[in-house]
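J.:
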Amino acid sequence: MRSLRNLLAPQSLHFRLGLIRESQIDALDILAAALEAQPNGQTAIRAEITDQDKDKPYVKRLHFAGDGWELTSKTIDGTYPDYTRVMPPLADEITATLSYAALNRFPTTACDRALKIDPEAGIMSMRMVDQEGDFTVPVQGKGKAFGVNIHYLKDFARPAGIIRLQSGKPGDPLYCLTDDPNLQQVVMPMRI
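Adding 4 to a residue's 1-based position in the sequence shown gives its number in my numbering.
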């Protein structure tokens, strides 16, 4: 199968692949599957790149069309605040190293969404919704216990494999660090 990621990243457009987020890549994978499922093996597709300014090296709009379907993508217009002003300072009073495999062991359909991470005790736990008791998995780290939405952590850990959470104190936003030094992710803690 020809990669749509390469189709959307021609060198002449100076397109930055780093701007494509995981959910957008998932959407492209869905589009690729739709193309493969065309009747009679037809995979004809039209792709348009429109509204590209000569002075700006990015694409404002992408349009794909096939037999009986269309997909249009457009960048958001507007000026937004400087995100660095809302990023907390990086601190390491509280740390926890988590793997996607460990997070995936939690039966999220039978559990609450709040994952309690207690680095001092060396466990992550979730309260079972239908039954009494907790489901626990070992964790490494230091500092006081905190809670986080497990779905966000799984989204962060899925592409990275292993993530490291760091914060200054319970209640502060948590940095989610990976091997990629250019990737900055922050998640807000939950009450536990």
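For glycine and all other residues, C-beta sits at the position ideal for the given N, C-alpha and C.
1) Let me know the alpha helix (DSSP H) ranges lying completely inside the stretch 111–181, each 4 residues or longer, listed in chain order.
2) Name the one or two DSSP bridge partners that isoleucine 98 has.
3) On a CA-only basis, which of Arg117, Leu157 and Ile196 is nearest alanine 100? Give me that one, please.
4) Do lysine 146 and the ligand SAM come close, with the Cβ less than 8 Å from some heavy atom?
5) Comparing alpha-carbon positions, which option in Ala149, Gly147 and Ile166 lies nearest alanine 197?
6) Tell me where the beta strand (DSSP E) around leucine 107 begins and ends.
7) My output table needs one value for arginine 195: the three-state DSSP class, helix, strand or coil.
8) Classify lysine 120 as buried or exposed, calling it buried when 16 or more other Cβ atoms lie within 10 Å of its own Cβ.
9) The beta strand (DSSP E) with arginine 65 in it runs from where to where?
10) May I ask you to list the residues that DSSP assigns as paired with threonine 76?
11) Taking the alpha-carbon positions, what's the isoleucine 196 to lysine 148 distance?
12) So is leucine 102 buried or exposed if we call it buried at 16+ other beta carbons inside 10 Å?
13) For proline 193, which residues from the same chain have a beta carbon less than 8 Å from its beta carbon, with the 5 sequence-adjacent residues on both sides left out?
14) What residues match up with glutamine 189 in a beta bridge as DSSP calls it?
15) Figure out for me which residue from Asp86, Gly72, His67 and Met128 has the closest Cα to the Cα of lysine 78.
16) For alanine 143, count neighbouring C-beta atoms within 10 Å of its own C-beta (all shown protein chains included) and say buried if the count is 16 or more, exposed if not.
T.: On the basis of the data shown:
1) 154–164
2) Start at 1 with the first residue of the sequence shown, and residue 98 comes out as number 94. In DSSP, isoleucine 98 forms a bridge with Ser171.
3) Residue mapping note: residue 100 aligns to position 96 of the sequence shown, counting from 1. Among Arg117, Leu157 and Ile196, the Cα nearest to that of alanine 100 belongs to Leu157.
4) Annotation note on the ligand SAM: not contained in the displayed structure, which lists no ligands.
5) The question about residue 197 has no answer, for the chain in this structure spans 5 to 196.
6) The residue labelled residue 107 in the question sits at position 103 within the sequence shown. Careful: leucine 107 lies outside any beta strand (DSSP E), inside the alpha helix (DSSP H) at 104–108.
7) Reading the sequence shown from its first residue, position 191 is the one you call residue 195. Note: arginine 195 maps to coil in three-state DSSP.
8) Counting from one through the sequence shown, the residue named residue 120 turns up at place 116. Flag for lysine 120 reads buried.
9) Looking up residue 65 in the sequence shown gives position 61. Segment 65–70, the beta strand (DSSP E) holding arginine 65.
10) Against the sequence shown, residue 76 aligns to sequence position 72. In DSSP, threonine 76 forms a bridge with His67.
11) The residue given as residue 196 occupies position 192 in the sequence shown. The residue given as residue 148 occupies position 144 in the sequence shown. Cα to Cα, isoleucine 196 sits roughly 12 Å from lysine 148.
12) The count along the sequence shown starts at 1 and reaches residue 102 at position 98. Flag for leucine 102 reads buried.
13) What you label residue 193 is simply residue 189 of the sequence shown in a count that begins at 1. So the list reads Phe150, Gly151, Val152, Ser171, Pro174, Gly175, Asp176, Pro177 and Leu178, once near-sequence residues are dropped.
14) Position 185 of the sequence shown, counting from 1, holds the residue named residue 189. Residue pairing by DSSP puts glutamine 189 in a beta bridge opposite Cys180.
15) Mapped onto the sequence shown, residue 78 falls at position 74. Taking only the C-alpha atoms, the option nearest lysine 78 is His67.
16) Your numbering for residue 143 matches position 139 in the sequence shown. Here residue 143 is valine; the residue named in the question, alanine, does not match the sequence. So valine 143 ends up on the buried side.
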